[in-house]
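Residue numbers (our numbering): 26 to 96.
Think of the CB as a built atom: it goes at the ideal place given N, C-alpha and C, for glycine as much as any other residue.
Note that the coordinates shown come from a computational prediction; the quantities given were computed from them, not determined experimentally.
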Amino acid sequence: MPFANFKVPAGSLDERQKQQIVARTTELYVEIYGERARSNTMVLVEEVTDGGWGIGGNVLTLAMLQRSAED
26 MPFANFKVPA GSLDERQKQQ IVARTTELYV EIYGERARSN TMVLVEEVTD GGWGIGGNVL
86 TLAMLQRSAE D
C-alpha cells in the first residue's frame, strides 16, 4: 500500500489545502503505480504543535515561517 506522511505546522493549512495534498499525492502514486494504487493509497497530514519542530538547531514557530514566506 502506498503511504505518504506530511508533517506541517499546526494551523498552517486549511481543510481545502489538506484535501489538495491528499488528492495530488494520490494522483502521483497512480501515475507511478497505475490505477490499482488509487484505492490503497494512504496519505496522512499531521499537524505538529507550534514550536514542536526545528531546522539547523533552531526551533521554528508558525509566526517565523509566515514572516519568511512574506520576505
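- CA-to-CA, the gap between residue 33 and residue 70 works out to about 7 Å.
- Looking at the backbone, the Cα of residue 74 and that of residue 52 are separated by about 28 Å.
- For residue 50, same chain residues with a beta-carbon under 6 Å away, outside a window of 5 residues either side, are 29 and 68 in chain order.
- Apart from sequence neighbours up to five positions away, the residues of its chain that approach residue 85 with a beta-carbon distance below 8 Å are 34, 76, 78 and 79, ordered along the chain.
- If you ignore the 5 residues before and after residue 61, its C-beta comes within less than 7 Å of no other C-beta in its own chain.
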